[in-house]
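The opening position of the sequence shown corresponds to residue 32 in my numbering, with each subsequent residue numbered one higher.
Working notes, structure below.
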Amino acid sequence: MLASTLLDGFAGYGGKGGEQLAERTWIRQAPIEILPAYRLDLEWEKWMREGIADALMVYAPMPGAIEQVQKHIRAKVKRGPVYLIRETDNPKFETEYQKEFAAVAAGRLDGMVIDEMKDYHPHPQRWCPLLPG
32 MLASTLLDGF AGYGGKGGEQ LAERTWIRQA PIEILPAYRL DLEWEKWMRE
82 GIADALMVYA PMPGAIEQVQ KHIRAKVKRG PVYLIRETDN PKFETEYQKE
132 FAAVAAGRLD GMVIDEMKDY HPHPQRWCPL LPG
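Here it is as structure tokens:
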């Protein structure tokens with residue numbers, strides 16, 4: 032099974048005390064302590080330790096996603112691969128995507144998961160050109 036998590040191990044919706052109900056807190060610039068209206072704890076360390084999950088994919092914000100995943104996740108995983116999950120549909124981040132693909136190709140993480148769920152139609156023409164040589 033391929034499990035997913037965020038840098039700080041939970042997903043939450045709504046802002047502080049539920050005041051900003053429409054705000055989601057999936058992707059944050061760094062692990063932070065926030066008070067969402069509700070939160071789902073993602074027990075990825077347990078899943079990996081107990082063999083419930085075979086691999087882990089991590090949502091992490093730019094810039095510096097590879098470094099953040101290495102520091103907060105990869106360093107704690109003793110078994111199984113760790114992948115960065117990324118939507119590659121925003122042209123303004125193309126340079127950052129290329130850096131991430133190059134870092135993965137250099138072995139800094141085990142791979143990438145391309146999230147094509149946004150429009151339910153795969154578009155490899157968007158991300159294949161980002162692959163290194």
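Note that the Cβ used here is the ideal one computed from N, Cα and C, for glycine as well.
Note to self: Can you give me the C-alpha to C-alpha distance between residue 39 and residue 104, rounded to a whole angstrom?
What the structure shows: What you label residue 39 is simply residue 8 of the sequence shown in a count that begins at 1. What you label residue 104 is simply residue 73 of the sequence shown in a count that begins at 1. So the two alpha carbons sit approximately 9 Å from each other.
Item checked: residue 131, buried or exposed, once every other Cβ within 10 Å from all chains shown has been counted against 16 -> On the sequence shown, residue 131 is found 100 positions in, with the first residue counted as 1. It is buried - the Cβ of residue 131 has at least 16 other Cβ atoms within 10 Å.
Next item on the list: Determine the contact status of residue 146 and residue 116, defining contact as a CB-CB distance below 7 Å.
Entry: Numbered from 1 along the sequence shown, position 115 holds the residue referred to as residue 146. Numbered from 1 along the sequence shown, position 85 holds the residue referred to as residue 116. In contact: residue 146 and residue 116 (Cβ atoms closer than 7 Å).
Next item on the list: Inspect the beta-carbon positions of residue 90 and residue 37 and report whether they are closer than 7 Å.
Entry: Position 59 of the sequence shown, counting from 1, holds the residue named residue 90. Position 6 of the sequence shown, counting from 1, holds the residue named residue 37. Yes, they are a contact pair.
Check: Between residue 139 and the rest of its own chain, which residues show a CB-CB distance below 6 Å, the 5 nearest in sequence each way excluded?
Finding: Numbered from its first residue, the sequence shown carries residue 139 at position 108. A distance below 6 Å between beta-carbons, with the five flanking residues on each side excluded, links residue 139 to the following residues of its chain, in chain order: 97.
Notebook entry, point to check: Do you know offhand how far residue 76's Cα is from residue 122's?
Noted result: In the sequence shown, residue 76 corresponds to position 45, counting from 1. In the sequence shown, residue 122 corresponds to position 91, counting from 1. Cα to Cα, residue 76 sits roughly 34 Å from residue 122.
Next item on the list: Given a cut-off of 7 Å, decide if residue 127 and residue 93 are closer than it, judged by their beta-carbon atoms.
Entry: Indexing the sequence shown from 1 puts residue 93 at position 62. Indexing the sequence shown from 1 puts residue 127 at position 96. Contact flag set, yes.
Next item on the list: Taking 7 Å as the cut-off, decide whether the C-beta atoms of residue 111 and residue 86 are in contact.
Entry: One-based indexing of the sequence shown puts residue 111 at position 80. One-based indexing of the sequence shown puts residue 86 at position 55. Taking a C-beta distance under 7 Å as the contact criterion, residue 111 and residue 86 qualify as a contact pair.
Check: Quick one, which of 107, 119, 133 has its alpha-carbon nearest residue 74's?
Finding: Taking the first residue of the sequence shown as position 1, residue 74 is located at position 43. Out of 107, 119, 133, 107 has the C-alpha closest to the C-alpha of residue 74.
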